[in-house]
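Heads up: the structure comes next, in C-alpha coordinates.
Numbering (our numbering), first residue to last: 831 to 928.
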(Lines of atoms letter the chains of each structure in order from A and count residues from 1; the text may use other names and numbers.)
(Lines give C-alpha, C1' and ligand atoms only; values in the text may rest on other atoms or scores of the structure.)
Protein backbone atom coordinates (compact mmCIF):
# COMPACT_ATOMS: atom_id res chain seq x y z
CA UNK A 1 0.00 0.00 0.00
CA UNK A 2 1.24 3.51 -0.67
CA UNK A 3 2.39 5.89 2.03
CA UNK A 4 0.65 9.23 1.39
CA UNK A 5 1.86 12.34 3.21
CA UNK A 6 1.20 16.03 2.69
CA UNK A 7 4.38 18.06 2.68
CA UNK A 8 5.37 20.81 0.25
CA UNK A 9 4.06 18.35 -2.32
CA UNK A 10 1.62 15.49 -1.84
CA UNK A 11 4.13 12.63 -1.50
CA UNK A 12 2.94 9.18 -2.54
CA UNK A 13 5.57 6.52 -1.81
CA UNK A 14 5.17 3.12 -3.44
CA UNK A 15 6.86 -0.05 -2.18
CA UNK A 16 7.44 -3.50 -3.61
CA UNK A 17 5.39 -4.37 -6.66
CA UNK A 18 2.57 -2.41 -8.24
CA UNK A 19 0.73 -4.87 -10.47
CA UNK A 20 -2.62 -6.57 -11.01
CA UNK A 21 -2.51 -8.25 -7.60
CA UNK A 22 -2.68 -4.96 -5.69
CA UNK A 23 -3.44 -2.17 -8.18
CA UNK A 24 -7.16 -1.97 -7.33
CA UNK A 25 -6.50 -1.49 -3.61
CA UNK A 26 -3.72 0.99 -4.28
CA UNK A 27 -5.95 2.87 -6.73
CA UNK A 28 -8.61 3.25 -4.02
CA UNK A 29 -6.07 4.66 -1.56
CA UNK A 30 -4.54 6.99 -4.13
CA UNK A 31 -7.96 8.21 -5.25
CA UNK A 32 -8.78 9.18 -1.65
CA UNK A 33 -5.35 10.75 -1.20
CA UNK A 34 -5.62 13.03 -4.23
CA UNK A 35 -9.16 14.26 -3.58
CA UNK A 36 -9.31 18.05 -3.36
CA UNK A 37 -5.73 18.29 -4.60
CA UNK A 38 -4.17 21.56 -3.44
CA UNK A 39 -0.50 20.95 -4.25
CA UNK A 40 1.78 19.21 -6.74
CA UNK A 41 2.24 15.43 -6.47
CA UNK A 42 5.57 13.71 -5.84
CA UNK A 43 5.58 10.02 -6.77
CA UNK A 44 8.34 8.51 -4.64
CA UNK A 45 9.44 5.34 -6.41
CA UNK A 46 12.63 4.62 -4.42
CA UNK A 47 11.20 1.38 -3.00
CA UNK A 48 9.15 0.33 -6.04
CA UNK A 49 10.66 -2.84 -7.47
CA UNK A 50 8.25 -3.48 -10.36
CA UNK A 51 5.32 -1.86 -12.13
CA UNK A 52 2.92 -3.45 -14.62
CA UNK A 53 0.34 -1.88 -16.91
CA UNK A 54 -2.17 -2.15 -14.06
CA UNK A 55 0.24 -0.18 -11.89
CA UNK A 56 0.68 2.43 -14.59
CA UNK A 57 -3.06 3.06 -14.36
CA UNK A 58 -2.55 4.16 -10.75
CA UNK A 59 0.12 6.65 -11.81
CA UNK A 60 -2.10 7.84 -14.64
CA UNK A 61 -4.87 8.55 -12.11
CA UNK A 62 -2.45 10.84 -10.26
CA UNK A 63 -1.48 12.61 -13.47
CA UNK A 64 -5.07 13.15 -14.59
CA UNK A 65 -6.10 14.47 -11.19
CA UNK A 66 -3.14 16.84 -11.15
CA UNK A 67 -3.92 18.09 -14.64
CA UNK A 68 -7.55 18.82 -13.76
CA UNK A 69 -6.38 20.67 -10.64
CA UNK A 70 -3.73 22.66 -12.51
CA UNK A 71 -0.91 20.92 -10.63
CA UNK A 72 2.19 18.98 -11.70
CA UNK A 73 3.40 15.44 -11.08
CA UNK A 74 7.03 14.72 -10.22
CA UNK A 75 8.74 11.33 -10.15
CA UNK A 76 11.71 10.54 -7.92
CA UNK A 77 13.88 7.51 -7.30
CA UNK A 78 12.76 5.10 -10.00
CA UNK A 79 15.12 2.15 -10.39
CA UNK A 80 16.43 1.52 -13.94
CA UNK A 81 13.75 -1.07 -14.78
CA UNK A 82 10.84 1.05 -13.56
CA UNK A 83 12.32 4.13 -15.22
CA UNK A 84 12.56 2.27 -18.53
CA UNK A 85 8.89 1.25 -18.28
CA UNK A 86 7.90 4.86 -17.57
CA UNK A 87 9.99 6.05 -20.50
CA UNK A 88 8.72 3.48 -23.01
CA UNK A 89 5.11 4.02 -21.97
CA UNK A 90 5.47 7.78 -22.47
CA UNK A 91 4.83 8.69 -18.83
CA UNK A 92 8.00 10.76 -18.62
CA UNK A 93 6.56 13.11 -21.24
CA UNK A 94 3.97 14.41 -18.76
CA UNK A 95 5.74 13.69 -15.47
CA UNK A 96 8.90 15.49 -14.48
CA UNK A 97 11.84 13.59 -12.96
CA UNK A 98 13.53 15.15 -9.95
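Where a beta carbon is used, it is the ideal one built from N, C-alpha and C, also for glycine.
Checking 8 angstroms against the spacing of the C-beta atoms, do residue 839 and residue 869 come in under that value? In this structure, residue 869 lies closer than 8 angstroms to residue 839 by Cβ.
Helix, strand or coil, according to DSSP, for residue 846 in the structure here? Note: residue 846 maps to strand in three-state DSSP.
Please list the segments of the beta strand (DSSP E) lying wholly inside the region 862-887, counting only runs of 3 or more residues, in order along the chain. Correct list: 871-881.
Boundaries of the beta strand (DSSP E) in which residue 836 is found, first to last residue: Per DSSP, residue 836 is one residue of the beta strand (DSSP E) stretching across 833-836.
Which one or two residues does DSSP pair with residue 860 in a beta bridge? Its beta-bridge partners do not exist; DSSP assigns none.
Residue range of the unbroken beta strand (DSSP E) whose run includes residue 906: Segment 903-906, the beta strand (DSSP E) holding residue 906.
Can the beta-carbon of residue 925 be found closer than 8 angstroms to that of residue 905? Yes; because the gap between Cβ atoms is below 8 angstroms, this pair is in contact.
Per the DSSP calculation, residue 926 is bridged to which residue(s)? Residue pairing by DSSP puts residue 926 in a beta bridge opposite 904.
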